[in-house]
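Peer 1: The structure follows.
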Amino acid sequence: MNTTPKTSHSFLRNEVSMFWNLVKSNAEFSIPPFPIFTMASLLHRGAAWYEVVVGLVYTLIYAFFYLYLFELANQTARPESLIEDKINKPNRPLVAKSMTPQSAKFRYYVGLAAWFAYSYALGVHLWALFWFASIFVTYNLGLSAFGPTKDLFGALAMIAQLMPAGHIGGLNAPLGWHWTKVLVMWMFTTIGIQDLRDVPGDLAIGRRTTAILLGDVSARIYYSVSLIVFGYIYIFQRVLESRYDTSTLTVSAAIAALTAGIIFRLFVWRSIESDRVTYRCHTLLYILNVVAAVVCLRK
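Per our numbering, residue 898 is the first one in the sequence shown, and the count goes up by one each step.
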């Protein structure tokens, strides 16, 4: 009796399950910006429908490598991350023992080779190297254990998303950077909102995130002021400056409303569970900021 199809199906199902349990906590932040900013680039140059389809497929494959390799590096480069994940993310494969450290490293090196080859074919290999170098330096030098450098890594992660996504869609680099650089400051000063949900696990491994360094109330004030200041700059110096019509006014109002909602949540609901929802709202705000680029860059 031939059991190969059944075995192959079981293997694929297990890999998909492990992949999802590995990346699901960061998938909302990491995946959507790629196709959205690629779409902004495609619309800006008036791409044909088949170019849109091909471009979105290319960028989604790139996004898969981007997130998968980051999570594998996070797990294999930092043994203490397993202690944190037992508290904050107990379903991750290495904690649940559905993946061994050796198999994680094997997946990482094979995936890295495939990703570099793929990025070279797309012409975005320098951005892939930029992301790889950022991961290597951050985790191997212990920079992820200190708030400001950890937050800087979050900003670099955003650059490593939007710049190659724009290139895949055909956007010229100066215009891509024009939109990205304001969001870099926005991300650097607000990404620490995610750490409010992880304080117990971070304290357990001695990590000093910005939320821990500043203290709970001061951190929430810092994040709120940053949301207001850089949100204002993004709306008035990017969105409304590039195009002033009903569509940009609508997306600007949505950004302002969601920003106000996040600030409200930061002070009214201050439990770990509430902070998880607040971080998802922050992720949604980031995605909405990228959507604004689609609205503004379209022909």
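Where is the CB? At the ideal position from N, CA and C, for every residue including glycine.
In the structure shown, what three-state DSSP assignment does L910 receive?
Peer 2: Reading the sequence as shown, one finds Arg at residue 910 and not Leu. Three-state DSSP puts R910 in a helix.
Peer 1: Whose C-alpha, out of G1066, W1028, G1067, P1061, is nearest the C-alpha of L1049?
Peer 2: Closest by alpha carbon: W1028.
Peer 1: Could you name the residues that DSSP lists as bridge partners for F1043?
Peer 2: Answer is R1105.
Peer 1: Taking the continuous alpha helix (DSSP H) assigned at K1078, which residues delimit it?
Peer 2: Segment 1070 to 1087, the alpha helix (DSSP H) holding K1078.
Peer 1: Which same chain residues, not among the five before or five after A1025, have their C-beta less than 7 Å away from its C-beta?
Peer 2: For A1025, where only same-chain residues beyond five positions count, the Cβ hits under 7 Å are W1012, F1013, S1016.
Peer 1: Just checking my contact of I1090 with H1179 at CB under 8 Å: how many whole Å lie between their CB atoms?
Peer 2: Rounded, the Cβ-Cβ distance is 5 Å, consistent with contact.
Peer 1: Can you tell me which of C1193, M1084, T1145 puts its alpha carbon nearest to the alpha carbon of T1046?
Peer 2: Here the closest residue by C-alpha is M1084.
Peer 1: For W917, I'd like the list of residues in its chain whose CB is within less than 7 Å of its CB, leaving aside the five on either flank, ordered along the chain.
Peer 2: For W917, where only same-chain residues beyond five positions count, there are no Cβ hits under 7 Å.
Peer 1: Where does the unbroken alpha helix (DSSP H) through I1032 begin, and where does it stop?
Peer 2: Here the alpha helix (DSSP H) through I1032 covers 1022 to 1037.
Peer 1: Enumerate in chain order the residues of its own chain whose CB-to-CB distance from M1082 is below 6 Å, with the five nearest sequence positions on each side excluded.
Peer 2: The answer, listed in chain order, is F1127.
Peer 1: When the Cα of R1140 is compared with those of K1196, Y1129, L1093, S1171, which residue comes out closest?
Peer 2: Of K1196, Y1129, L1093, S1171, the residue nearest in Cα terms is K1196.
Peer 1: Taking 8 Å as the cut-off, decide whether the C-beta atoms of R1094 and I1169 are in contact.
Peer 2: It is a contact, given that the beta carbons lie within the stated cut-off.
Peer 1: From H941 to A993, what distance separates their C-alpha atoms?
Peer 2: Approximately 45 Å between the Cα atoms of the pair.
Peer 1: Between the segment 1037 to 1046 and the segment 1067 to 1077, do at least 3 Cβ pairs fall closer than 8 Å?
Peer 2: Not touching, per the Cβ criterion.
Peer 1: Is the beta carbon of V1034 less than 8 Å from the beta carbon of L964?
Peer 2: Result no, Cβ atoms of V1034 and L964 do not sit closer than 8 Å.
Peer 1: Taking Cβ positions, are V1079 and R1135 nearer each other than 8 Å?
Peer 2: Yes, they are a contact pair.
Peer 1: What separation, rounded to the nearest whole angstrom, lies between the Cα atoms of V1192 and Y1119?
Peer 2: So the alpha carbons of these two residues sit roughly 30 Å apart.
Peer 1: Check this for me: beta carbons of L1059 and F934, under 8 Å apart or not?
Peer 2: In contact: L1059 and F934 (Cβ atoms closer than 8 Å).
Peer 1: Where does W917 fall in DSSP's three states?
Peer 2: Helix.
Peer 1: Tell me, to the nearest whole angstrom, how far the beta carbon of I1032 is from that of A970; I am working on the premise that it is less than 8 Å.
Peer 2: That belief holds up - the Cβ atoms of I1032 and A970 are roughly 5 Å apart, short of 8 Å.
Peer 1: If distances are taken between C-alpha atoms only, which option among S907, I928, V1122, I1125 comes closest to A1062?
Peer 2: Closest option to A1062, Cα to Cα, is I928.
Peer 1: For the alpha helix (DSSP H) that contains Q999, what are its first and last residues?
Peer 2: Unbroken alpha helix (DSSP H) run through Q999: 998 to 1019.
Peer 1: What's the gap between the Cα of Y1005 and the Cα of R989?
Peer 2: Approximately 16 Å between the Cα atoms of the pair.
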